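For the sequence shown, the UniProt record's numbering begins at 1 and goes up steadily by one.
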Amino acid sequence: MSQEEIASAIEVIPNKLFFMGVTRLPRDTEDAHFFCTDEVFRYYNYFLDFGPLSICQIYSFCTVVDLKMKSRKFANKRLYYYSRQDPKFKVNSILLLSCYLLIKQGYSCDDIEQLFREQTLPCFHDASPYECDFELTWQHCLEGLSIAISKHIFEWSLFDSSQYEFFDRVENGDMNWIIINRLLAFSGPHDIPEVINDVRTFTPEDYLPLFAQLGVGVVVRLNKPAYDKTRFSSRGIAFFDLYFPDGGLPQFNQMLKFIAILKTHDCGVAVHCKAGLGRTGTLICAYLIYEYGMTAEQAIGYCRICRPGSVVGCQQHFLKRVEAKLRACTDQDVFASLTAKKHPLYSDRPLRRIPRVDSFFASSSSSVSPSVSPSVSPSVSRSASPMLRDQGSSLYNRKVANTTEGGKRSADLTGQKDKQDEDEDEDNKDKNKHGLREQGIRRDRTTMDSKDSADSTDSVDLIGSDEWKRGNREAMKGTGVNSCEESTDRVDCTRDNGVEKCVVEEREETKEEETCRDPIPDVSAEETGQDNEISESNVTESFDSTLRIFLVSLLISLLYFTLPLHSFIILLLAVFLFLLYGKQAEKMLS
């Protein structure tokens with residue numbers, strides 16, 4: 001890495017902490033230490049979403065950087081936190097670093113935004129396979145977290161990262177606190193236990209001991225009943241039903257009822273729909289807007305940090321539309337919703353005929369351009385499109401798949417100890433250094449000095465993987481800049497006492513592979529001449545057949561314009577029969 005690239009790094013903490021995007025793997029120097037978390041803190045997406053990272057990953061990152069800042073080994077070194085140039089990785093890295101500055105260094109959101117004002121970063125995508133036009137930036141997520149900390153919604157000192165990782169997994173309940181000890185989001189229980197991708201689903205009876213442990217006394221269900229509510233209510237848990245369609249929007253009165261439930265119960269409140277993401281996140285964000293004065297973007301950003309994938313599709317724009325109305329409501333309006341009746345449009349007004357949505361689109365499909373889809377309400381679109389009809393199930397199944405692939409596990413680096421003592425034998429270290437230099441391996445590691453190999457936080461430097469190189473090449477297409485250097489050799493890495501030992505094996509062709517190759521046969525001059533004659537005859541035959549086809553086509557065209565239509569058809573039929581049976585007749589006669 002050149003000095004110009006290092007000089008272009010963003011100075012986050014004066015003369016100590018810097019941020020930079022790289023195309024080549026940097027290497028530690030006497031006065032600089034480089035580290036990266038692209039391969040450590042990864043986002044496991046549902047569909048087209050790529051962030052933000054979870055609160056557990058933010059907590060682990062802050063712990064790692066805090067250890068590096070306080071380490072005596074790096075006391076005289078500048079710390080460079082870097083990321084690949086891929087915008088999706090870069091925006092997550094900047095959000096991690098911004099959260100560290102906010103929580104550990106006391107920076108304000110405005111100061112942090114000024115540091116990265118020249119960076120062009122994408123907006124976060126919702127957990128859907130469709131194009132998202134809602135602009136949720138990393139600044140919104142940072143501001144939402146800042147409000148949560150100032151309002152004591154999130155208590156940094158009380159956060160338990162191991163508990164978060166445990167309950168976040170589907171086989172352990174798929175639960176996340178949005179407001180600590182107050183508001184819990186979880187996926188809907190099943191009526192009977194099922195096994196999906198080797199993961200057993202939870203029933204109400206499975207949640208009962210967990211709710212008793214977490215202090216949950218209220219359950220709010222937003223989806224269609226999949227289990228008998230008495231399985232909760234008979235055990236002393238208050239139960240409420242606030243149903244609205246999957247992937248759809250709640251009535252305003254339903255949002256006020258949800259807020260009233262939270263205000264009238266002092267215990268923990270657990271809310272779920274099918275996957276505990278779309279409808280659940282929508283009502284939770286409505287409460288954050290009303291109670292804590294967040295904007296819709298801040299509420300969605302904070303909710304996704306606590307429970308990735310929350311609030312999907314049109315629910316984002318809906319929260320933005322009702323934001324001002326929610327803030328204008330008083331406590332009197334909220335409590336009045338508990339006794340209010342539904343609007344006559346939904347209950348009292350009788351409907352003589354309810355039209356079928358499927359038949360409507362079938363009859364009107366001819367008048368709609370193939371490239372333009374009809375604009376319908378969210379509830380109607382769920383009935384019209386089978387793909388969207390069960391959005392909650394698709395999100396739930398995706399999370400189950402992520403769990404079986406390793407789940408959304410962030411590296412819990414807070415309890416790591418030093419891999420080696422500072423008194424380790426210097427000769428062994430020199431041998432390791434010499435072996436790595438001989439093989440010419442470029443790896444993102446901390447300096448190989450004796451004092452550097454004792455730091456436990458070097459485990460975050462994993463940017464040298466093939467996936468990092470592949471993603472970096474995609475990000476740098478068309479820029480004329482070469483991505484990370486690659487080797488045609490195979491590198492086998494093992495770990496011995498915390499030190500990686502890498503051996504490069506050159507790819508050699510085995511004797512068995514050589515014997516499998518086809519030998520080059522000896523060809524005589526006579527055989528070569530015969531081949532030439534055969535090829536010339538083939539060319540002549542192909543030319544003759546082409547000429548015949550041309551003449552027949554010309555004759556048919558002339559007959560078409562000279563003969564009547566019925567005579568022409570009879571002639572074509574005769575020619576067809578002749579071609580079909582002529583050869584057979586000729587053989588029989590001969």
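Ideal Cβ positions, reconstructed from N, Cα and C, are used throughout, including at glycine.
Every value quoted in this text rests on a predicted model; they were computed, and no experiment measured them.
Per DSSP, D28 forms a beta bridge with which residues?
Its beta-bridge partners do not exist; DSSP assigns none.
6 Å CB neighbourhood of L288 in its chain, flanking five on each side removed:
Apart from the 5 residues on each side of it in sequence, L288 sits with its Cβ closer than 6 Å to the Cβ of M294 and A299 in its chain, given in chain order.
Along the chain, where does the beta strand (DSSP E) that runs through E11 open and close?
For E11, the uninterrupted beta strand (DSSP E) run begins and ends at I10 to I13, by DSSP.
In the DSSP output, which residue or residues are listed as bridge partners for M69?
Looking at the DSSP assignment, M69 forms no beta bridge with any residue, so it has no partner.
Element boundaries [beta strand (DSSP E), containing N176]:
DSSP places N176 in the uninterrupted beta strand (DSSP E) bounded by M175 to I179.
Looking only at C-alpha atoms, which of G247, Y243, F166 and D191 sits nearest to L210?
The residue with the shortest Cα to Cα distance from L210 is F166.
Option nearest Q3 by Cα separation, candidates V12, Q119 and D28:
Nearest option by C-alpha distance: D28.
Checking 8 Å against the spacing of the C-beta atoms, do Y82 and G21 come in under that value?
By the CB criterion at 8 Å, Y82 and G21 fall inside the cutoff.
With DSSP as the reference, please indicate the residues paired to residue 614 in a beta bridge.
The structure shown does not extend to residue 614, since the chain is modelled only from 1 through 590, so no value can be given for it.
Counting C-beta neighbours from all protein chains within 10 Å, is the total for F561 16 or more, i.e. buried, or is it exposed?
That one is exposed.
Rounding to the nearest angstrom, what Cα-Cα distance links V400 and I196 in this structure?
Using only the alpha carbons, I get a separation of about 7 Å.
I need the boundaries of the beta strand (DSSP E) containing V269, first residue and last residue.
Residues G268 to H272.
Any contact of the stretch 90 to 108 with the stretch 47 to 66, i.e. 3+ C-beta pairs under 8 Å?
Contact between the stretch 90 to 108 and the stretch 47 to 66 is present: 3 or more CB-CB pairs across the two stretches fall below 8 Å.
Below 8 Å on the Cβ atoms is my contact criterion, and I expect V311 with D126 to pass it. Report the Cβ-Cβ distance as a whole number of Å.
That belief holds up - the Cβ atoms of V311 and D126 are roughly 7 Å apart, short of 8 Å.
In terms of residues, what are the limits of the beta strand (DSSP E) holding V322?
For V322, there is no enclosing beta strand (DSSP E); the residue is part of the alpha helix (DSSP H) that begins and ends at C314 to A328.
Classify S128 as helix, strand or coil using the three-state DSSP reduction.
Coil at S128, not helix or strand.
Roughly how many angstroms lie between the CA atoms of F318 and Y243, to the nearest whole one?
Whole-angstrom Cα-Cα distance: 17 Å.
Is the separation between the beta-carbon of Y44 and that of N402 shorter than 8 Å?
Taking 8 Å as the cut-off, the beta carbon of Y44 is found closer than this to the beta carbon of N402.
With a threshold of 16 other CB atoms inside 10 Å of the CB of L547, please say whether the residue is buried or exposed.
It is exposed - the Cβ of L547 has fewer than 16 other Cβ atoms within 10 Å.
With burial defined as no fewer than 16 other Cβ atoms inside 10 Å of the residue's Cβ, what is the status of W138: buried or exposed?
Under this definition W138 is a buried residue.
Take S393 and list the residues in its own chain whose beta-carbon comes closer than 7 Å to its own, dropping the five residues that flank it on each side.
Excluding its 5 nearest sequence neighbours in each direction, S393 has C-beta neighbours in its own chain below 7 Å: K274, listed in chain order.
Using the three-state DSSP reduction, which class does A340 fall into: helix, strand or coil?
Correct three-state label for A340: coil.
Same chain only: Cβ atoms within 6 Å of T230, ignoring 5 sequence neighbours per side:
No residues qualify anywhere along the chain.
Closest residue to L115 among E11, F232, Y292 and D206 (Cα-Cα distance):
Just measuring C-alpha positions, the residue of E11, F232, Y292 and D206 sitting nearest L115 is E11.
Quick one: is G471 buried, meaning 16 or more other Cβ sit within 10 Å of its Cβ, or exposed?
Confidence at G471 is low in this model, with a pLDDT of 49, below 50, so the placement of that residue should be treated as unreliable; the coordinate-derived value is given next. Flag for G471 reads buried.
For the structure I just gave you, are there three or more beta carbon pairs, one from the stretch 213 to 220 and one from the stretch 260 to 269, closer than 8 Å?
Verdict: yes, contact present.
Could I get the ranges of all uninterrupted alpha helix (DSSP H) runs contained in the stretch 277 to 302, with 4 residues as the minimum, in chain order?
Complete alpha helix (DSSP H) runs here, min 4: 278 to 292.
Who are F186's beta bridge partners in DSSP?
In the DSSP output, where bridge partners are listed per residue, F186 has M175.
How far does the alpha helix (DSSP H) with S150 in it extend, from its first residue to its last?
In this chain, the alpha helix (DSSP H) harbouring S150 covers W138 to S150.
Taking K68 as the reference, which of G278, H33, Y59 and L48 has the closest Cα?
Among G278, H33, Y59 and L48, the Cα nearest to that of K68 belongs to H33.
Of the listed residues D228, A286 and Q57, nearest to F159 (C-alpha basis)
Answer by Cα proximity: Q57.
Beta bridge counterpart(s) of S83 as assigned by DSSP:
Residue pairing from DSSP places S83 in a beta bridge opposite G21.
Can you name the residues that DSSP bridges to R117?
Bridge pairing for R117: absent [DSSP].
Mind checking L554: buried by the 16 CB within 10 Å criterion, or exposed?
Looking at its Cβ environment, which holds fewer than 16 other Cβ atoms inside 10 Å, L554 is exposed.
Distance between G313 and C132 (C-alpha atoms, nearest Å):
Their backbone Cα atoms lie some 7 Å apart in a straight line.
Can you give me the C-alpha to C-alpha distance between K90 and L326, rounded to a whole angstrom?
Rounded to the nearest angstrom, the two C-alpha atoms are 35 Å apart.
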